[in-house]
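Peer 1: My questions will all concern the structure given below.
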Ligand SMILES: *Cc1c(COP(=O)(O)O)cnc(C)c1O
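As structure tokens, this is what we get:
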């Protein structure tokens, strides 16, 4: 028997969340972002649920090629572009669109003769100061890309640093719009958070060519919130959780008051307590820094973890779940316990928990 831990991936939830993104952003084309193995959900599974997207966007060229081999025919965008000349040739061979974010990439593009033209997304820095040409250079960089005979369609792109805060993208948007005013290209601006503020961000179409702009929702497609504020939970945004991680109780210990649990003996029983040991640990991707009190569901009832998360096991206080026993079903997060709530208790964000689920946890798509 394999260990009882499994991540169940709900294709209908993925498709529903894509519908939410598309209905928020009518007038724009949608890149469904599937980097990091579709935020831990599996790229091929995710692609099958995202058949209505206009394209898939990711970082990893090997997954882009897998998607082509699995039959995805619509556009695919490499969000960090190419890392070597091999990548440029592979991008041409597999008809990938590429981000160009630096002078080094642009020069390499110009110097590499390719079998076909590539659609390019010129990425500009509007304050994140991570990747992208300085926004003041928008006209020059676009003109240079336009002159290169290997360039297909051009799109102007930026990534907001603060779209998850109220009005947080406004400064960046103003700078972007000023610097690119009048340029005859479509735009790609919105991540998940900005999709929820689409009225202000805009569809990013090109007035002169009629080309539609592109939005780039990621986390929302997986049913987690892009926002940190509790008032904007995934449920309140009408998103459905797409990953449910479940396991089982594999042992139960009875403790007397004053007895302790786990590495470092960080948890002390305050009363006669029943401690369930569950088959999941940090080697499965559960955060080791989740403190005592972080919730799990045991037989559908909330119970707090007690003591340190170890590599393969977590201990849970089930004193108030009297029917809990070996074999009881446990949900770490998913359709009945929001990943964002667990992340919040552990001092992180849903993105990190979803993408950290380890390769040893089998994914089961339903
Ligand atoms: C990851 C990523 C996105 C998606 O961001 P979410 O916050 O998950 O919606 C969009 N654009 C770029 C460039 C990204 O790297």
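Residue numbers (the working numbering): 8 to 373. In this text, a Cβ means the ideal position worked out from N, Cα and C, and glycines have one as well.
1. Go ahead and label residue 71 buried or exposed: buried means 16 or more other beta carbons lie within 10 angstroms of its beta carbon, across all protein chains shown.
2. How far does the alpha helix (DSSP H) with residue 187 in it reach, from first residue to last?
3. For residue 131 and residue 47, I'd like the C-alpha separation in whole angstroms.
4. Residue 322 bridges to which residues according to DSSP?
5. Which first and last residues belong to the alpha helix (DSSP H) in which residue 116 is found?
6. Select from 254, 188 and 209 the residue whose C-alpha is nearest the C-alpha of residue 334.
7. With hydrogens ignored, establish whether the beta-carbon of residue 42 is closer than 7 Å to any heavy atom of ligand 1.
8. Tell me which residue opens and which closes the beta strand (DSSP E) that residue 104 is part of.
9. Hey, is residue 374 close to ligand 1, as in C-beta under 7 Å from one of its heavy atoms?
10. Quick check on this structure: which residue in 336, 236 and 297 has the alpha carbon closest to the alpha carbon of residue 306?
11. Cα separation between residue 13 and residue 354?
12. Report yes or no: do three or more beta-carbon pairs, one from the segment 174-194 and one from the segment 12-30, lie closer than 8 Å?
13. Would you list, in sequence order, the uninterrupted alpha helix (DSSP H) runs of no fewer than 4 residues that lie entirely inside the segment 204-287?
14. So which of 158, 108 and 300 has the shortest CA-CA distance to residue 145?
15. Using 8 Å as the cut-off, can you tell me whether the segment 281-300 makes contact with the segment 314-330, which would need three or more C-beta pairs spanning the two stretches below that distance?
16. With a threshold of 16 other CB atoms inside 10 Å of the CB of residue 114, please say whether the residue is buried or exposed.
17. Take the Cβ of residue 90 as the centre, count every other Cβ of all protein chains shown within 10 Å, and call the residue buried at 16 or more, exposed below.
18. Do residue 106 and residue 140 have their CB atoms nearer than 8 Å?
19. Let me know if residue 100 comes out buried or exposed under the rule of 16 or more other beta-carbons within 10 Å of its beta-carbon.
20. DSSP three-state call for residue 129: helix, strand or coil?
21. Alpha carbon to alpha carbon, what distance is there between residue 111 and residue 356?
22. At the level of alpha carbons, what is the spacing between residue 60 and residue 284?
23. State the DSSP-derived secondary structure class of residue 121, mapped to helix, strand or coil.
24. Given a cut-off of 8 Å on the beta-carbon distance, is the pair residue 240 and residue 232 in contact?
25. Could you pull out every residue in the same chain whose Cβ sits closer than 6 Å to the Cβ of residue 82, ignoring the five residues on either side in sequence?
26. Just checking my contact of residue 303 with residue 323 at CB under 8 Å: how many whole Å lie between their CB atoms?
27. State the DSSP-derived secondary structure class of residue 5, mapped to helix, strand or coil.
28. Bridge partners of residue 303, per DSSP?
Peer 2: With the structure as the only source:
1. buried
2. 177-187
3. 28 Å
4. 284
5. 110-118
6. 254
7. yes
8. 104-107
9. No statement about residue 374 is possible, as the shown extent of the chain runs from 8 to 373 and does not include it.
10. 336
11. 24 Å
12. no
13. 205-208
14. 108
15. yes
16. exposed
17. exposed
18. no
19. exposed
20. strand
21. 33 Å
22. 42 Å
23. coil
24. yes
25. 62 and 104
26. 6 Å
27. What is shown of the chain runs 8 to 373, which leaves residue 5 out entirely.
28. 310
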